[in-house]
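Worksheet: the structure to be examined is printed underneath.
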Amino acid sequence: MQKIEQLIKEKARDLLAAGQVTSVIAWQKGEMFYDNAPGYFDNTEELDALVYNAFCAANLSKYLIANTKKDEKTAVFLKPCDTYSLNQLIKDRRVQREQVLVIGIPCAGMVDINKVKAQGLKGIIGITEDGDNLTVETAYGTKQVARAEVLLNKCLACKGSAYAVSDETIGEPMAVKHAPYDRFAVVKELESLSPQERFAFWQEELSKCIRCNACRDICPACSCEQCLFDNPESPLAGKANNNSAEEQLFHIIRAYHVAGRCTDCGECSRVCPQGIRLDLLNRKFIKDINEFYGDYQAGADADTNAPLLSFDVDDVEPGAATKGRE
Amino acid sequence: MQKIGVFVCWCGSNIAATVDVARVAESVKSIPGVAFAADYRYMCSEGGQELMQKAIKDYGLSRVVVCSCSPRMHEATFRKAAQAAGLNPYLVEIANIREHCSWVHKDKEVATAKAIALAKAAIAKVKLNTPLVSGESAVVKRALVIGGGIAGLQTALDIAEAGYKVDIVEKTPSIGGKMSQLDKTFPTLDCSACILTPKMVEAATHENITIYTYSEIEKVSGYVGQFEAVIRKKARSVSVDRCSGCGICSEKCPSKKAKSEFDQGLRNRSAIYIPFAQAIPNVPVIDRENCLKFQTGKCGICAKVCPAGAIEYEQEDELVTQKYGAIVLATGFEPIDMAKFGEFNYEYCPDVITSLEFERLTNAAGPTQGHLVRLSDGKKPKSIVFVSCVGSRDTTERGKTYCSKICCMYNAKHAMLVKEKYPDIDVQVFYIDVRTPGKSFDEFYRRAVEEYGVQYTKGMVGKITEEGDHLLVHASDVASGAQLSVPADMVVLATAIKPAADARKLATMLTASIDTNDFFTEAHPKLRPVESPTAGIFLSGVCQGPKDIPETVAQAGAAAVKVLGLLSKDKLLTNPCVATCNEQTCSGCLACEKVCPYGAISAEYKLVNVKGLKERRLIAQVNEALCQGCGACTVACPSGAMDLKGFSNKQIMAEVDAIC
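Those protein sequences? They're chains A and B, same order as listed. If you read the first sequence in our numbering, its first letter stands for residue 10, the second for the next number, and so on. If you read the second sequence in our numbering, its first letter stands for residue 3, the second for the next number, and so on.
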């Protein structure tokens with residue numbers, strides 16, 4: 010992916026130098042080698058900080074909401090999975106398509122530094138990518154780690170190397186290699202529990218929440234001008250802070266609000282400092298939608314109506330209404 | 003601070019026997035804002051209304067809560083009473099402490115506590131009520147009747163006679179419905195066709211009636227007074243204008259393998275066909291699935307022989323869009339499928355037939371010209387067994403729990419018709435009960451038994467087997483306790499009836515409610531039997547529940563009267579509880595527009611003030627004249643920008659908070 014980084018920098022430099030775009034959204038070096046952050050670049054001098062490697066998990070599509078309100082053109086570098094989120098935002102009219110230059114970039118799967126550490130490695134100084142392996146440089150020498158073993162959880166549910174939307178692409182498509190993975194496996198386990206057990210599971214899981222709002226702020230589907238929970242006029246405002254039961258409601262309501270728009274990008278779980286499996290709530294909805302209305306991938310296109318926002322006389326009626334019917 | 007008056011109704015003993023009404027009134031007095039609280043025997047009575055109006059004036063009440071029956075009963079009464087006392091009618095809230103409380107509880111303590119909670123919720127909500135004013139909408143002076151059987155025809159004729167335009171949409175090639183398939187009708191034994199066809203002709207020739215046969219409803223939008231329906235006129239492949247109905251095309255058509263729907267599959271018909279002799283219109287249709295021209299490209303005989311040049315293979319379905327003020331559902335019924343009833347051997351024994359098949363067999367225009375013969379060998383049967391309640395009053399999953407209502411009477415009719423024509427045939431009827439509650443009905447049944455000697459045996463048939471060239475009916479005789487094996491040459495099954503298959507689809511299209519059996523639900527089972535809970539949708543005939551012809555005709559007339567009451571108005575007051583969009587919080591995702599069933603939401607780019615800066619944003623806008631206040635948009639809106647007047651998010655949350 011080092012080669013790709015070079016190509017991205019060159020592309021960004023060309024676009025900015027030629028004045029084709031006012032700004033570029035990509036990733037910039039963090040304090041540590043593994044905490045790269047989303048970055049705005051509006052002149053060529055800043056581009057030295059631009060980075061693209063195994064630690065650029067952040068989904069950049071959401072930053073275009075603010076940018077396309079301005080009367081200017083923005084270039085954005087998106088991994089294949091990120092393009093689904095952008096497409097959904099275009100569908101929801103949150104991003105003006107004509108103001109964005111979408112450049113698709115290949116991805117071999119992003120790495121979870123905690124999984125690397127969990128392999129018993131201490132004093133990690135840097136990581137270089139080497140085909141299917143990572144070379145981890147530590148204070149105690151270098152070690153090889155299989156990339157497939159340390160991928161971020163969200164990359165295990167990789168949507169593939171195709172771009173849902175792009176104007177241009179850079180580099181050859183890459184494959185994310187990992188062991189077979191069923192993204193609904195845990196959802197199925199939860200479904201098999203009794204309501205009491207399931208409630209206990211979620212009570213335990215959601216009680217960890219510190220309401221930092223990171224999940225909401227990172228979520229490309231959470232794109233409201235003003236979140237219901239931040240609106241003092243809303244009858245919900247403040248409620249979610251009142252007690253732990255209503256705090257749990259925050260996550261349930263959020264899951265409902267993004268149902269049908271969630272592309273399963275996995276950012277909510279990735280950024281949760283408490284390690285709450287928020288993806289399970291979203292995946293439960295995705296699984297239900299798939300079962301009731303046929304397989305549906307939010308953001309796969311920018312035109313068709315989502316199953317929860319369309320109505321057909323042949324729609325299934327989940328639940329009691331269909332019991333015992335011929 | 004609001005001054006709220008709370009009025010707790012006893013409803014005689016309906017509420018007061020289960021709810022301590024005095025305690026409810028007493029306990030809400032301490033709630034901030036409540037300026038007056040009292041209980042009264044009948045709040046809906048004149049005395050009750052006067053009590054409310056006096057309190058509004060004496061205490062300067064600004065809001066009213068009535069703890070009483072369902073708002074469906076008396077909301078309008080109390081709103082009018084408050085309005086007469088100078089309050090905006092939408093400042094009145096009802097706490098339903100009857101249907102939601104006293105009628106479902108037995109324990110007075112529990113019910114009283116719940117009634118207090120419901121009162122508190124209504125008080126919390128009413129504090130946030132705002133004065134609302136109704137608008138007006140026009141009424142399109144035209145009705146749509148879906149279904150061209152006796153129910154639909156009668157409703158259409160009554161509406162047309164009163165001077166309004168009516169369109170009948172019938173999915174089969176002819177109007178007439180199930181009644182046109184019947185031989186004779188009970189309790190007078192007059193010929194079904196003889197009394198039906200004059201009505202068919204009258205409808206077809208009426209200047210106010212337009213009939214769309216071989217047509218289906220594609221889509222319905224709009225609301226009471228302003229419906230818009232798209233009718234799909236399926237391609238007949240024959241020009242209605244040019245065809246003279248001579249029938250030579252059907253005669254010469256080489257494809258004669260299709261089963262006649264009209265004759266219940268008892269004979270074949272050609273691919274180009276007129277379903278029956280008195281069909282209206284008397285114009286054939288080409289059943290393209292069975293037509294050689296359409297299937298293989300070769301043939302074209304009908305076009306060659308047609309003297310009028312009426313055959314139009316290239317015809318395509320046509321979509322007609324029309325506006326209506328009212329819609330009547332008259333979609334009728336069909337017999338249930340016998341596949342789940344293996345014990346009767348219906349599928350394997352040709353001499354086990356359904357009652358509707360029997361109607362065709364005894365009909366002079368039927369496949370046997372009215373000669374009653376066995377389908378297996380064409381011989382006249384010597385004995386016939388009729389079986390009642392096949393799939394009716396059946397609590398197992400395969401049948402219907404309800405009584406199909408018409409079977410007892412047509413069994414007696416069939417038995418009598420057989421005995422009248424062929425006195426030598428033995429006729430036996432197996433039944434659970436004989437139900438004959440109708441004018442001259444019991445007398446009719448007794449004639450079958452007493453004059454014609456039909457043997458009625460109380461007991462259910464458990465199995466029918468074939469024994470050589472006859473059938474054996476295995477049944478129990480409840481009177482003697484004996485197990486019987488009765489030999490019979492023919493068995494007729496009185497199969498349960500169920501709503502037509504497309505009732506469910508139409509219900510969804512029209513947001514008209516249906517029950518667990520797919521019968522359309524009436525607005526009130528006793529007091530509003532021909533109205534659907536959806537305004538402007540009316541019910542006629544069996545689509546609402548099993549009925550015989552006299553009842554169907556009576557109900558069809560009643561539905562017409564309700565339609566006329568609506569069409570005679572020039573304007574309707576609209577519901578002021580409509581959606582409204584908060585431009586500050588609207589994100590422009592337009593989820594609301596997608597879910598709106600009335601097309602009431604559009605979007606526009608607007609400059610919005612955001613923290614002092616102008617921002618150009620896409621904003622949803624509600625057309626209040628089109629909005630029907632269903633609230634779908636408020637639920638779909640993720641940012642809570644869509645709100646419903648009279649049922650705002652804040653009001654609902656206040657109610658919930660007051661209860662929890």
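All C-beta atoms in this analysis are idealised placements derived from N, C-alpha and C, irrespective of residue type, glycine included.
For residue 636 of chain B, the secondary structure class from DSSP, reduced to helix, strand or coil, is helix. Proximity of chain B to residue 103 of chain A at the Cβ level (cut-off 8 Å) is accounted for by 589, 590, 591, in chain order. For residue 509 of chain B and residue 523 of chain B, the gap between their C-alpha atoms comes out near 10 Å. Within the segment 57–89 of chain A, 78 place their CB atoms closer than 7 Å to a CB of chain B, listed in sequence order. Listed along chain B, the residues sitting closer than 7 Å to residue 266 of chain A by beta-carbon distance are 640. DSSP places residue 360 of chain B inside the alpha helix (DSSP H), whose first and last residues are 357–364. Boundaries of the alpha helix (DSSP H) around residue 412 of chain B: 409–423. In this model, residue 395 of chain B and residue 499 of chain B are separated by some 11 Å (Cα to Cα).
Around residue 58 of chain B, the same chain offers 7, 66, 84, 87, 88, 89 as residues with beta carbons nearer than 8 Å, after the five sequence neighbours per side are excluded.
Of all alpha-carbon atoms in B/382, B/424, B/347, B/365, the one lying nearest the alpha-carbon of residue 389 of chain B is that of B/347. Against chain B, the CB of residue 291 of chain A has no partner CB under 8 Å away; the residue lies outside that interface.
Secondary structure of residue 181 of chain B (DSSP, three-state): helix.
If you check the CB distance, residue 494 of chain B and residue 152 of chain B do not come in under 8 Å. Counting along the chain, the unbroken alpha helix (DSSP H) around residue 200 of chain A starts and ends at 194–200.
Closer than 7 Å at the C-beta level to chain A, one finds these residues of the segment 494–513 of chain B: 507, 510, 511. The beta-carbon of residue 257 of chain A is placed no less than 8 Å from the nearest beta-carbon of chain B. Under the three-state reduction of DSSP output, residue 448 of chain B falls in the helix class. Inclusion of residue 247 of chain B and residue 284 of chain B in the CB contact set at 8 Å is warranted, their separation being smaller than that value.
Put simply, the CB of residue 218 of chain B is far from chain A, with every gap to its CB atoms at 8 Å or more. Pairwise C-beta distances place the segment 42–59 of chain B out of contact with the segment 302–322 of chain A, as fewer than three of them are shorter than 8 Å.
The beta carbon of residue 378 of chain B lies closer than 6 Å to those of 352, 353 in the same chain, with the five residues before and after it left out. With respect to the 8 Å criterion, residue 96 of chain B and residue 64 of chain B are not classified as neighbours on the basis of their beta carbons. Nothing from the segment 127–139 of chain B brings a Cβ to less than 8 Å from some Cβ of chain A. B/15 is the residue among B/250, B/430, B/15, B/280 whose C-alpha sits nearest the C-alpha of residue 110 of chain B. Cβ neighbours of residue 505 of chain B within its own chain (closer than 7 Å, five residues either side excluded): 333, 516, 520, 522, 545. Interface criterion not met: the Cβ of residue 96 of chain A is under 8 Å from no Cβ in chain B. Positions of the beta strand (DSSP E) runs, each at least 3 residues long and wholly inside the segment 54–135 of chain B, are given as 65–70, 94–98 in order along the chain. The DSSP-derived three-state label of residue 530 of chain B is strand. Rounded to whole angstroms, residue 625 of chain B and residue 28 of chain B show a C-alpha spacing of 44 Å.
Closer than 8 Å to the CB of residue 596 of chain B there is at least one CB belonging to chain A.
Taking a contact to require three or more Cβ pairs closer than 8 Å, the segment 183–199 of chain B and the segment 400–420 of chain B qualify as touching. Around the CB of residue 459 of chain B, 16 or more other CB atoms lie within 10 Å, so the residue is classed as buried. Partner residues in a beta bridge of residue 47 of chain B, as assigned by DSSP, do not exist. Those residues of the segment 594–625 of chain B placed with their C-beta closer than 7 Å to a C-beta in chain A are 596, 597, 617, 620, ordered along the chain.
By the neighbour-count criterion, in which a residue is buried when 16 or more other Cβ atoms sit within 10 angstroms of its Cβ, residue 423 of chain B is exposed. When Cβ-Cβ separations below 8 Å define contact, residue 222 of chain A makes no contact with chain B.
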